[in-house]
Amino acid sequence: MKTSIIMSLLFLSLTACNTSKPVEALYGTTWELDYLSGPRIAFDGLFSDKKPQLEFNREEGIVTGNSGCNGYSAQFKVDGN
């Protein structure tokens, strides 16, 4: 359940942000969760060993990552900006 909530928050935070940077900025970078809003739970208490991460692979069209203990991957497609 906690993983589903985290995945949803990561997805919403990536899709809700309006940016003027080109899509190219997605690639070649490991995105790491730095802040989590919501119930008053200590961020460091949730992710004491490893923060959740995302990495976009343009050639394969796959996004991969981990939630601190579980790994995940999915296909993605960039349409427009």
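Residue numbering for the sequence shown follows this note's numbering, beginning at 95 and increasing consecutively. Backbone N, C-alpha and C define an ideal beta-carbon position, used for all residues, glycine too. Being a predicted model, the structure only gives us computed values, none of them experimental.
Please classify Ala119: does DSSP put it in a helix, a strand, or coil?
-> Three-state DSSP puts Ala119 in a helix.
For Phe137, which residues from the same chain have a beta carbon less than 6 Å from its beta carbon, with the 5 sequence-adjacent residues on both sides left out?
-> Cβ neighbours of Phe137 beyond the five flanking positions: Leu130.
Continuous beta strand (DSSP E) stretch holding Leu148: start and end | Segment 147-151, the beta strand (DSSP E) holding Leu148.
Kindly indicate the opening and closing residues of the beta strand (DSSP E) around Gly159.
-> Residues 156-160.
Other residues of its chain near Asn160: CB distance less than 8 Å, five sequence neighbours each side excluded = Excluding sequence neighbours, Asn160 sits near Lys144, Pro146, Gln147, Tyr166.
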